[in-house]
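J.:
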Amino acid sequence: MLKLIFFIFINIFFLNTSFASKQGGSCFWDNKNEISCLEINGHISNESKYSQSGIKKIIITKKQIEEIGAVDLIDVLKTVPDINITQSGPKGQQASMFMRGTGSNHTLVMINGIAINDQSTTQGLHDFGVDFIQTIQQIEVYPGSSAVHFGTNAVGGAVNIIMTGDYKDSFSLASDNSANYELSGNKAFIYDEASLNIKLGSVKNETISARGNSSDEKDAVKNYSTNINYEKFLNDNLRFYNTVYLRQTKAEYDNSNTNQTGYEGNNKMGSLQFGLENQVGSKKNNYILYYNLYDREYDERGVIDTYESEILGLKYDLSRVISDKISFGAGSEYKYDWGYFDNNGSYQASTKGHSDNLALYSNLGWNIFQNSNVSLFGRIDDHKQTGRNNTYKVNFEQGFKKLNLGISYMNGLRNPTLYEMFGTDNFGYSGNRNIKPEKSNTYEIYSNIKFNENLSLTLSAFRSNIKNNIEYINNKYQNDNDNINLNQSGFNNHLNFQLNDTSINLFSSFLSSKKENRADQLRRPEKNYGLNFLQKVNNSFLGNLNFNLSYNHYGKHFDTHSSNFSTIEIDSADIIDLKITKKLNNNDFYIKVTNALDENYQKPHGYNQENRVLKFGIKY
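When you read off a place in the sequence shown, starting at 1, and then add 81, the result is the number in the numbering used here.
#1: Ignoring anything shorter than 3 residues, give me the beta strand (DSSP E) runs that lie fully in the stretch 132 to 194, in order along the chain.
#2: What are the boundary residues of the alpha helix (DSSP H) that includes Phe646?
#3: Could you tell me the alpha carbon to alpha carbon distance between Ser283 and Ser177, rounded to whole angstroms?
#4: Below 8 Å on the Cβ atoms is my guess for Ala291 versus Asn278; work out the distance and round it to an integer in Å.
#5: Is the beta carbon of Arg408 sitting closer than 8 Å to the one on Ser129?
#6: Gln218: beta carbon under 7 Å from a heavy atom of the ligand ZN?
#7: Considering only the beta carbon of each residue, do Phe543 and Gly225 sit closer than 8 Å?
#8: Rounded to the nearest angstrom, what separates Gly487 and Glu525 at their Cα positions?
#9: Please classify Ile146 as buried or exposed, where buried requires at least 16 other C-beta atoms within 10 Å of its C-beta.
#10: Reducing DSSP to helix, strand and coil, say where Phe622 ends up.
#11: Within 10 angstroms of its Cβ, does His187 collect 16 or more other Cβ (buried), or is it exposed?
#12: Where does Thr203 fall in DSSP's three states?
#13: Find out if the Cβ-Cβ distance for the pair Asn448, Lys483 is shorter than 8 Å.
#14: Evaluate contact between the stretch 205 to 215 and the stretch 460 to 471, counting only Cβ atoms and requiring at least three cross-stretch pairs below 8 Å.
#15: Closest by CA to Asp247, which one among Ser584, Glu552, Ile309?
#16: Should Ser251 be labelled buried (16 or more other beta-carbon atoms within 10 Å of its own) or exposed?
#17: Among the residues of its own chain, which have a CB less than 6 Å from the CB of Thr387, if the five just before and after it don't count?
#18: Would you grab the beta carbon distance between His464 and Asn425 for me? Rounded to a whole angstrom, and I think it's under 8 Å.
#19: Specify the secondary structure class of Ala228 as computed by DSSP and reduced to three states.
#20: Determine whether the beta carbon atoms of Ala275 and Asn286 lie at a separation below 8 Å.
#21: Need the endpoints of the beta strand (DSSP E) that Leu315 sits in, please.
#22: Do you know how far the Cα of Lys143 is from the Cα of Met244?
#23: Where does Phe481 fall in DSSP's three states?
#24: Excluding the 5 residues flanking Pro685 on each side, which residues of the same chain have their C-beta closer than 7 Å to its C-beta?
#25: Would you identify the three-state DSSP class for Glu221, choosing helix, strand or coil?
#26: Could you give the first and the last residue of the continuous beta strand (DSSP E) run that contains Met350?
#27: Please list, in chain order, all residues of the same chain as Ala677 whose beta carbon is under 7 Å from its beta carbon, the five residues on each side excluded.
#28: Alpha carbons only, please: which of Asn348, Arg320, Thr342, Ile369 is nearest the one belonging to Lys331?
#29: Can you give me the C-alpha to C-alpha distance between Tyr701 and Ser185, rounded to a whole angstrom?
#30: Starting from His575, follow its DSSP beta bridges and name the residues at the other end.
#31: Going by DSSP, name the residue or residues bridged to Asn448.
#32: Cutting at 8 Å between CB atoms, please list the residues of its own chain near Lys596, excluding the five before and the five after it.
#33: With a Cβ-Cβ cutoff of 8 Å, do Leu315 and Lys365 count as a contact?
#34: Could you tell me which whole beta strand (DSSP E) segments of length 3 or greater appear in the stretch 259 to 298?
#35: Our contact map puts Asn586 next to Leu538 with C-beta atoms below 8 Å; I'd like the distance itself, whole angstroms only.
#36: Can you check DSSP and say which residues form a bridge with Glu552?
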């Protein structure tokens, strides 16, 4: 309660001083262009004008998402060199993401800059297999330790899902050779000072069995999602906005040994955000009230396990341009988490717990010379169970005529989740309130070379380690008894070529992810690479066509055998997707072939991946 009172006090202070600025100008909706004169985007905290160079960000727009024909979030993220994803079967099945060699528990997932990691899961994992793309506007990826920017879990990096409006009406429908479907639509209501966008989406997929065997049994998934966005200009400089995101995914799955029927998961999630943004010149203030709810049920032939978590939070951010060389940003965030875990296995145990955290953060950006920037970031997290922990980051970037060079040092933090502290499983109570937080240190060197207006190359090399690793040992979550650090190092590159109607993106990743005793971490390929090729054609014979080719190579890696639990090597795989889009009267008609070579592969071991799929779709 004292944390909450302190949070409210400091923000009342800033509220009374921030809105005293003289209002001026005119800022209303541009109905012709369907945009507002204030930037409409997911708000990222701990960023000011001259500190932006110190925050690495990969932006994937809605246009790019549509060009590759993505169905779910996995389709998009697999094109990022820093990311490797494994999924326990076809679409809709549980999926884990390894960013820069770290585990899924080290990746923070956000909606409009607000963390949504499910506290009721083991280690705060986000299941990327249940996120479909129909209601998502944009995706931002922050590779590398980002805890100082966003808080706990962002040890390996962060993913920000932007949920804003389209500002125009649209509808899309697709079906494949297995009679599966994808359906989405957007309805926009735009007024002089306000807008309302309603997006609806639904997906049904039933192609193969999740388990890797010859059975004809198929595991189906159905997804329903809703995204509602409302924004209104209260005056020339003050904007109120509201986002509602609802998602439900029902998926059949197979247990660890067989592909028997009767296993189903029901994953429901809701996110509600209210924001108030004030911008006058170079001064910006943002207030956010948010609430997240997770409700997961697993039905194993009549035995139902339930996992629930809720998060209520308040957040405030400010940014200022102090001079033509210096900018400043700061903020605070208070959140309260509580969860309930009901396991009906052998021990039939039920537990519940709660925690809270108060964070204070700031940044300073200094433009030393015309092409030289220094960025300093700091954050304090005061957690109910783990106490006070500090994170910081130092970044220097030097620009030349066609070359930018940068170097960073940062540390990271992952506090234990509600499940790790209070959870239960088939063996009884597994929680541990005395766990120490995981901490990391990361060094990174990066560069961007712009050869000309059409060709650029991005390179990055990093090394990091994680200590106090939290593991499930002897039926209980605790820090690794051997105090073995997790070490990651790697090299990534991304070549981009753009000339008129031709676009080529080449990427590769070389990764080493090992424990301190030199043992390889599982499901982390040492080599991944791929390309995305887009060619636009517009002539009298073919008309207006887009050709898109996507190629991904997943390197060899180690995994645990699904039956005898021994460590085995998984072969590499080469996956090619093709898409042809025909534009006709402002409508898009397309054909897409997924896994065109019909590659038979497993990732992870024991679980099938989708064979060749032929899909037809229309968007208007």
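For each residue, glycine too, the CB sits at the ideal point set by N, CA and C. Fair warning: this is a prediction, and the values are worked out from it, not measured in the lab.
T.: In terms of the structure at hand:
#1: 139 to 141, 164 to 168, 176 to 180, 188 to 192
#2: Along the sequence shown, read from residue 1 onward, the residue named residue 646 stands at position 565. Careful: Phe646 lies outside any alpha helix (DSSP H) and carries neither H nor E.
#3: Counting from 1 along the sequence shown, the entry for residue 283 is found at position 202. Counting from 1 along the sequence shown, the entry for residue 177 is found at position 96. Rounded to the nearest angstrom, the two C-alpha atoms are 22 Å apart.
#4: Indexing the sequence shown from 1 puts residue 291 at position 210. Indexing the sequence shown from 1 puts residue 278 at position 197. Wrong, their Cβ atoms sit about 35 Å apart, outside the cutoff.
#5: As a working mapping, residue 408 is identified with position 327 in the sequence shown. As a working mapping, residue 129 is identified with position 48 in the sequence shown. Residue 408 is actually Ser in this sequence, not Arg. Yes; because the gap between Cβ atoms is below 8 Å, this pair is in contact.
#6: The ligand ZN is absent from the structure shown, which contains no ligands of any kind.
#7: Counting from 1 along the sequence shown, the entry for residue 543 is found at position 462. Counting from 1 along the sequence shown, the entry for residue 225 is found at position 144. For Phe543 and Gly225, yes; Cβs fall inside 8 Å.
#8: Counted from its first residue, the sequence shown places residue 487 at position 406. Counted from its first residue, the sequence shown places residue 525 at position 444. About 8 Å.
#9: Start at 1 with the first residue of the sequence shown, and residue 146 comes out as number 65. Its Cβ being crowded by 16 or more others within 10 Å, Ile146 is buried.
#10: As a first step, residue 622 must be located in the sequence shown, where it is residue number 541. Phe622: coil per DSSP, three-state reduction.
#11: Within the sequence shown, residue 187 is the residue found at index 106, counting from 1. Classification for His187: buried.
#12: Translated into the one-based positions of the sequence shown, residue 203 becomes position 122. Thr203: helix per DSSP, three-state reduction.
#13: For the purposes of this step, residue 448 is taken as the residue at position 367 of the sequence shown. For the purposes of this step, residue 483 is taken as the residue at position 402 of the sequence shown. No.
#14: no
#15: Against the sequence shown, residue 247 aligns to sequence position 166. Looking at the Cα atoms, Ile309 is the closest of the given residues.
#16: Taking the first residue of the sequence shown as position 1, residue 251 is located at position 170. That one is exposed.
#17: Reading the sequence shown from its first residue, position 306 is the one you call residue 387. Excluding residues within five positions, the ones whose Cβ falls inside 6 Å are Glu378, Asp423.
#18: As a working note, residue 464 is residue 383 in the sequence shown. As a working note, residue 425 is residue 344 in the sequence shown. Actually they are not in contact, since the Cβ atoms of His464 and Asn425 sit about 31 Å apart, beyond 8 Å.
#19: The residue you call residue 228 lines up with position 147 of the sequence shown. Correct three-state label for Ala228: helix.
#20: Taking the first residue of the sequence shown as 1, we reach residue 275 at position 194. Taking the first residue of the sequence shown as 1, we reach residue 286 at position 205. In this structure, Asn286 does not lie closer than 8 Å to Ala275 by Cβ.
#21: In the sequence shown, counting from the first residue as 1, residue 315 sits at position 234. From DSSP, Leu315 is part of no beta strand (DSSP E); its letter is neither H nor E.
#22: Looking up residue 244 in the sequence shown gives position 163. Looking up residue 143 in the sequence shown gives position 62. Distance between the alpha carbons of Met244 and Lys143 is about 11 Å.
#23: One-based indexing of the sequence shown puts residue 481 at position 400. Looking at Phe481 - three-state DSSP - the assignment turns out to be coil, as it is neither helix nor strand.
#24: Your numbering for residue 685 matches position 604 in the sequence shown. Within the same chain, Pro685 has close Cβ partners Thr167, Ser169, Arg604, Asp640.
#25: Taking the first residue of the sequence shown as position 1, residue 221 is located at position 140. Reduced to three states, the DSSP call for Glu221 is strand.
#26: By one-based count along the sequence shown, residue 350 stands at place 269. Run containing Met350: 344 to 361, per the beta strand (DSSP E) assignment.
#27: Translated into positions along the sequence shown, residue 677 becomes position 596. Contacts found: Ile657, Asp658, Leu659, Arg693.
#28: Counting from one through the sequence shown, the residue named residue 331 turns up at place 250. Nearest option by C-alpha distance: Asn348.
#29: What you label residue 701 is simply residue 620 of the sequence shown in a count that begins at 1. What you label residue 185 is simply residue 104 of the sequence shown in a count that begins at 1. Whole-angstrom Cα-Cα distance: 36 Å.
#30: For the purposes of this step, residue 575 is taken as residue 494 along the sequence shown, with counting starting at 1. According to DSSP, His575 bridges with Thr539, Phe588.
#31: Locating residue 448 in the sequence shown gives position 367, counting from the first residue. According to DSSP, which records beta bridges pairwise, Asn448 is partnered with Asn454.
#32: Along the sequence shown, read from residue 1 onward, the residue named residue 596 stands at position 515. For Lys596, where only same-chain residues beyond five positions count, the Cβ hits under 8 Å are Ile565, Asn566, Leu567, Asn568, Gln602.
#33: On the sequence shown, residue 315 is found 234 positions in, with the first residue counted as 1. On the sequence shown, residue 365 is found 284 positions in, with the first residue counted as 1. For Leu315 and Lys365, no; Cβs fall outside 8 Å.
#34: 262 to 271, 275 to 286
#35: Walking along the sequence shown from the start, residue 586 turns up at place 505. Walking along the sequence shown from the start, residue 538 turns up at place 457. That pair is no contact at about 11 Å.
#36: Taking the sequence shown and counting its residues from 1, one reaches residue 552 at position 471. The partner list for Glu552 (beta bridge, DSSP) reads Gln559.
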